[in-house]
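**Q** Here the sequence shown stands for residues 1 to 311, numbered as in the UniProt record's numbering. Every residue gets a Cβ at the ideal spot worked out from N, C-alpha and C, and that includes glycine. If you're wondering where the values come from, they're calculated on a predicted model, not measured in any experiment. Pasting a structure below so you can have a look.
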Amino acid sequence: QQQQQQQQQQALFLDLRSYGYEINACAKRGDREGAEAIMKQMEDAGVTPDYMAYNSMINACARTGDKKGAELWIKKMRSRGVRPYVVTFNSVINAHARAGDGLGAEKWLKAMQDEGISPDVLSLNSVINAFAKRGDIKGAEKWLMKMGSFGLSADLASYGTVMTACARAGHAKRCEDWMQRVLDLETTTGLRANRVMYIALMTANAKRGNPDRVLYWKEEMDNRASSSSSSSTSSSSWSEEELQTYAIIISAHAKQRNRTGAEYWFKDMLNNRKLKPDTTTFNALIDACGRAGDTDQQEKWMRVMLESGVQ
1 QQQQQQQQQQ
11 ALFLDLRSYG
21 YEINACAKRG
31 DREGAEAIMK
41 QMEDAGVTPD
51 YMAYNSMINA
61 CARTGDKKGA
71 ELWIKKMRSR
81 GVRPYVVTFN
91 SVINAHARAG
101 DGLGAEKWLK
111 AMQDEGISPD
121 VLSLNSVINA
131 FAKRGDIKGA
141 EKWLMKMGSF
151 GLSADLASYG
161 TVMTACARAG
171 HAKRCEDWMQ
181 RVLDLETTTG
191 LRANRVMYIA
201 LMTANAKRGN
211 PDRVLYWKEE
221 MDNRASSSSS
231 SSTSSSSWSE
241 EELQTYAIII
251 SAHAKQRNRT
261 GAEYWFKDML
271 NNRKLKPDTT
281 TFNALIDACG
291 RAGDTDQQEK
301 WMRVMLESGV
311 Q
């Protein structure tokens, strides 16, 4: 009889692992409905979901920004006597972040603390992202500056998220101030400014119509890349990154209504870098022609775009 009980326990354990694996696979795909269907199958089969199953279910909700679903499942988890941990709360906070709900993210950060669970860097980064996503730069900056009060150090994602939010709003000075903080920290910490930050700086200055400053940060980024020993970026990824850079430079000239400057960099991209223009770079050039009031050139580049097969 003891052997039979052991076999039954082992079967339940294997079933639990199997269901958990499937729920996690759905979560990674962002398939919330699929994850919920497996949870129901699991319960119908008499297998009680464990901590990992609930975490995966909540993560599936988080990946689709389903904050109500994430809240529902953490409540179910508690009601069934399964204790949530930091990873669980992080997923709920992330669900609010993806939905751009800063206040909701704050609420669940507090709920985590009320249960005696200390937030980690991911917890705070999700709160920062929640505010950044809805364009609340002050809210994002507030939580970045509060990280020290939790005994945590901001990482590249923390700074990058705030800088990207500044860039979207065209706050170039603010973005550059945050970059200076990162550069100051490089001498005392392991932080090292990354491409996300440089792109944010270029984007912010492009929105302000300041191509000189865009080119300054491009040069800084290129110098940083050339001094790096890393060569893991594939050629296709590198081309995509270069196209992104050129699109920003061209858009900066468009903001100035400088068709000549925009065309110069577009041709530099074609002739010197041998890059195939994509939709974004073509649109930036066409926009520059339109802003300059040169409809002939605008129509010309629209034809070139169509003839090249770019949609």
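With respect to the alpha helix (DSSP H) encompassing Ala167, which residues constitute its N-terminal and C-terminal limits?
**A** That run of the alpha helix (DSSP H) goes Leu156 to Arg168.
**Q** Roughly how many angstroms separate the alpha carbons of Asp296 and Asn194, rounded to a whole number?
**A** 40 angstroms
**Q** Considering only residues of the segment 108–194, which uninterrupted beta strand (DSSP E) runs meet the minimum length of 3 residues and lie entirely inside it, listed in chain order?
**A** Unbroken beta strand (DSSP E) stretches of 3 residues or longer found wholly inside the segment 108–194: none.
**Q** At the level of alpha carbons, what is the spacing between Glu241 and Arg83?
**A** 44 angstroms
**Q** Going by CA-CA distance only, name the one from Pro119, Gly102, Arg98 and Val304 that's closest to Ile137.
**A** Gly102
**Q** Short check: CB of Val121 to CB of Gly160, under 8 angstroms?
**A** Cβ atoms of Val121 and Gly160: not closer than 8 angstroms.
**Q** Thinking just about the alpha-carbon of each residue, which of Glu176, Val86, Asp114 and Leu16 is nearest to the one in Glu220?
**A** Glu176
**Q** What's the gap between the Cα of Phe150 and the Cα of Pro119?
**A** 8 angstroms
**Q** By the DSSP assignment, the alpha helix (DSSP H) with Tyr54 in it spans what residues?
**A** Tyr51 to Arg63
**Q** What is the residue span of the alpha helix (DSSP H) that Asp101 lies within?
**A** Segment: none, Asp101 is in no alpha helix (DSSP H) and carries neither H nor E.
**Q** Let me confirm a value: Met39 is counted as buried when at least 16 other C-beta atoms fall within 10 Å, else exposed. Which label applies?
**A** Under a 10 Å Cβ-count criterion, Met39 is classified as buried, with 16 or more other Cβ atoms of the shown protein chains found around its own Cβ.
**Q** Considering only residues of the same chain and omitting the five flanking positions on each side of Phe282, which have a CB-CB separation below 7 angstroms?
**A** Setting aside the 5 residues that flank it on each side, Phe282 is surrounded in the same chain by Trp301, Met305 and Val310, each with a C-beta closer than 7 angstroms to its C-beta; the list follows chain order.
**Q** DSSP three-state label for Asp268, please.
**A** helix
**Q** Output the distance between the C-alpha atoms of Gly261 and Leu144, rounded to the nearest integer angstrom.
**A** Approximately 38 angstroms, taken between the alpha carbons.
**Q** From Gly30 to Glu22, what does the alpha carbon distance come to, in whole angstroms?
**A** 12 angstroms
**Q** Would you call the CB atoms of Val92 and Ile74 closer than 8 angstroms?
**A** yes
**Q** Can you give the Cα-Cα distance for Ala99 and Leu191, rounded to whole angstroms?
**A** 29 angstroms
**Q** From which residue to which residue does the alpha helix (DSSP H) around Leu16 run?
**A** Gln2 to Arg29
**Q** Taking the straight line between their C-alpha atoms, what separation do you get for Arg134 and His253?
**A** 28 angstroms
**Q** Which first and last residues belong to the alpha helix (DSSP H) in which Pro211 is found?
**A** Pro211 to Ser227
**Q** Measuring CB to CB, does Asn205 end up less than 8 angstroms from Ser158?
**A** No, the pair does not count as a contact, with Cβ atoms beyond the cut-off.
**Q** If you reduce the DSSP assignment to three classes, tell me which class Arg32 lands in.
**A** helix
**Q** Residues in its own chain within less than 6 angstroms of Gly139 by CB, not counting five upstream and five downstream?
**A** Gly102 and Phe131
**Q** How far does the alpha helix (DSSP H) with Leu72 in it reach, from first residue to last?
**A** Lys67 to Ser79
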